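Peer 1: Let me begin by handing over the structure; questions about it come next.
In the working numbering, the protein residues as written are 26 to 329.
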């Protein structure tokens, strides 16, 4: 299995906890607490991540390169440099405005279907936007640092009373199934993987299938979307900076490090807490637009 561009340490250095309607937080494990932030290498790495959070990408690169000069060939420093360089190249419009948000996909695409296809029961969904759409990058792979991340879906107006989320291993084994209540109103819903049913393991990919329960007795006929999620292990310095950063400052840091699900969950939580903040709405639109999501869906309401 190929590694993420931001690198995989030997042990888990932080756990990102994502609660529905609340801000994601990183809970540092003893491995993080015992790291040596006083070392010159760690100081440069942490300063680089802090500057990334402040959108000062050029200064971040300088610090990551200084760190690399102290440890030539260090994979974390190399990955940090690669991520920021890729983000600068993709994020020209964001760098110009100073408060825009974009996303650079992993480039490790997986097979999937983020827009539901036609079914035999089209009467279940109504409206102009009558198909389920998964809010995820075009390469069908989301990355998270959380054991129980949130997934986001546009659900159209429908007669269905519930939906279903299935989590499968990379080999196709069914790991968990959970029922998701739906109101029948069109909008964007977040579904957090139930910790009592499954916990994503570091370095592993998982397939998910989200379906609208139109015909409970004929599951194969229900509209569905499917994609992949991978749980990453974070560099201890990155975990420490994310933990300390205010939620709004985490956004460019999470996005630059390809943590799609965590970026989206943080932004959704901030929007729910600050529904009248135009900056949050703009960043939500920017993020989903760079992932190729239909602009009509981007502007749909976040449902509780």
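For glycine and all other residues, C-beta sits at the position ideal for the given N, C-alpha and C.
Here the structure is a predicted model, which means the values were calculated and not measured.
Kindly indicate the opening and closing residues of the alpha helix (DSSP H) around residue 113.
Peer 2: Reading the chain shown from its first residue, position 88 is the one you call residue 113. It spans 100–115 - the alpha helix (DSSP H) in which residue 113 sits, taken as one unbroken run.
Peer 1: Residue range of the beta strand (DSSP E) that residue 206 falls in?
Peer 2: On the chain shown, residue 206 is found 181 positions in, with the first residue counted as 1. Here the beta strand (DSSP E) through residue 206 covers 199–206.
Peer 1: Would you identify the three-state DSSP class for residue 304, choosing helix, strand or coil?
Peer 2: Position 279 of the chain shown, counted from the start, is the residue given in the question as residue 304. Looking at residue 304 - three-state DSSP - the assignment turns out to be helix.
Peer 1: By the three-class DSSP mapping on this structure, what secondary structure does residue 189 have?
Peer 2: Taking the chain shown and counting its residues from 1, one reaches residue 189 at position 164. Residue state, collapsed to three classes: strand.
Peer 1: DSSP three-state call for residue 80: helix, strand or coil?
Peer 2: The count along the chain shown starts at 1 and reaches residue 80 at position 55. If DSSP states are grouped into helix, strand and coil, residue 80 belongs with coil.
Peer 1: Measure how close the beta-carbons of residue 330 and residue 216 come, nearest whole angstrom, since I'm counting them as under 8 Å.
Peer 2: Since the displayed the chain opens at 26 and closes at 329, residue 330 lies outside it and no answer follows.
Peer 1: Determine which residues share a DSSP beta bridge with residue 217 and list them.
Peer 2: Along the chain shown, read from residue 1 onward, the residue named residue 217 stands at position 192. Per DSSP, 175.
Peer 1: Could you tell me whether the region 177–195 touches the region 221–233, where touching means 3 or more Cβ pairs closer than 8 Å?
Peer 2: yes
Peer 1: So, for residue 332: in the same chain, excluding its five sequence neighbours on each side, which residues have a beta-carbon less than 6 Å away from its beta-carbon?
Peer 2: Here the chain comprises residues numbered 26 to 329, so residue 332 is not present and cannot be evaluated.
Peer 1: Going by the beta-carbon positions, is the gap between residue 258 and residue 212 smaller than 8 Å?
Peer 2: By one-based count along the chain shown, residue 258 stands at place 233. By one-based count along the chain shown, residue 212 stands at place 187. Against a cut-off of 8 Å, the Cβ pair of residue 212 and residue 258 comes out as no contact.
Peer 1: Between the alpha carbons of residue 70 and residue 113, how many angstroms are there, rounded?
Peer 2: In the chain shown, the residue the question calls residue 70 occupies position 45. In the chain shown, the residue the question calls residue 113 occupies position 88. C-alpha separation (whole angstroms): 18 Å.
Peer 1: Near residue 59, what residues of its chain come up, given a Cβ to Cβ distance below 7 Å and the 5 sequence neighbours on each side ignored?
Peer 2: Within the chain shown, the letter at position 34 stands for residue 59. The predicted model places residue 59 with a pLDDT of 42, which falls under 50 and marks its position as unreliable; any figure quoted below should be read in that light. Cβ within range, chain order: n/a, list empty.
Peer 1: List the endpoints of the continuous beta strand (DSSP E) containing residue 234.
Peer 2: Within the chain shown, residue 234 is the residue found at index 209, counting from 1. Start and end: 230–237.
Peer 1: Output the residue ranges of the beta strand (DSSP E) runs that lie fully inside the region 240–307 and measure 3 residues or longer, sorted by chain position.
Peer 2: The beta strand (DSSP E) runs of length 3 or more contained entirely in the region 240–307 are, from start to end of the chain, 249–256.
Peer 1: Going by other Cβ atoms of all chains shown within 10 Å of its Cβ, with 16 needed for buried, is residue 28 buried or exposed?
Peer 2: Taking the chain shown and counting its residues from 1, one reaches residue 28 at position 3. Reliability of the predicted coordinates at residue 28 is poor, the pLDDT of 38 falling under 50, and no value is obtained from them.
Peer 1: One question on the structure: do residue 214 and residue 139 come within less than 8 Å of each other, judged by their Cβ atoms?
Peer 2: Indexing the chain shown from 1 puts residue 214 at position 189. Indexing the chain shown from 1 puts residue 139 at position 114. No; because the gap between Cβ atoms is not below 8 Å, this pair is not in contact.
Peer 1: In whole angstroms, what separates the C-alpha of residue 76 from that of residue 129?
Peer 2: Residue mapping note: residue 76 aligns to position 51 of the chain shown, counting from 1. Residue mapping note: residue 129 aligns to position 104 of the chain shown, counting from 1. In this model, residue 76 and residue 129 are separated by some 18 Å (Cα to Cα).
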